[in-house]
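S.K.:
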Amino acid sequence: MPILEKLLHLKVVALWIESFCGSRMVCSRDGFPQLQKLEFDGLKEWEEWIVEEGVMPLLHTLCIECCTELKEIPDRLRFITNLEI
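Quick note on UniProt numbering: the sequence shown kicks off at 1 and runs consecutively.
#1: How is Glu47 classed by DSSP in three states: helix, strand or coil?
#2: Are the beta-carbon atoms belonging to Glu13 and Leu38 less than 9 angstroms from one another?
#3: Would you say Asp41 and Ile64 are within 9 angstroms of each other, going by their C-beta atoms?
#4: Which whole-angstrom value is the C-beta distance of residue 88 and Ile80, which I expect to be below 8 angstroms?
#5: Please classify Cys27 as buried or exposed, where buried requires at least 16 other C-beta atoms within 10 Å of its C-beta.
Right, dumping it as structure tokens:
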């Protein structure tokens with residue numbers, strides 16, 4: 001997500017079927033500074049999610065649906081108040 005995470009005023013991101021192809025997603029340090037809601041749906045190949053320090057400090061809603069290969073939610077995202085899986 002190297003391009004999206006640099007958009008400083010982005011508040012909502014939704015990645016649905018075929019909008020992300022690959023098994024590994026990395027959210028880099030200090031990315032998504034204003035992001036509040038993040039949705040994933042139907043990312044069938046996605047297995048691993050790396051979230052570096054300082055990413056998405058304002059995130060309060062995370063929705064993950066039909067991402068059957070994802071092994072775990074990163075520890076750095078355990079603080080989220082609204083989690084839907």
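All residues carry an ideal CB built from backbone N, CA and C; glycine is no exception.
M.R.: Taking the geometry as given:
#1: As a first step, residue 47 is located in the sequence shown; it is residue number 47 there, counting from the start. Coil, per DSSP.
#2: In the sequence shown, residue 13 corresponds to position 13, counting from 1. In the sequence shown, residue 38 corresponds to position 38, counting from 1. In the sequence under discussion, the amino acid at residue 13 is Val, which differs from the Glu named in the question. Contact: yes.
#3: If you number the sequence shown from 1, residue 41 lands on position 41. If you number the sequence shown from 1, residue 64 lands on position 64. Going by C-beta atoms, Asp41 is nearer than 9 angstroms to Ile64.
#4: No information on residue 88 is available, as it lies outside the stretch 1 to 85 that the chain covers here.
#5: Within the sequence shown, the letter at position 27 stands for residue 27. Counting other Cβ atoms within 10 Å of its Cβ, Cys27 reaches 16 or more and is therefore classed as buried.
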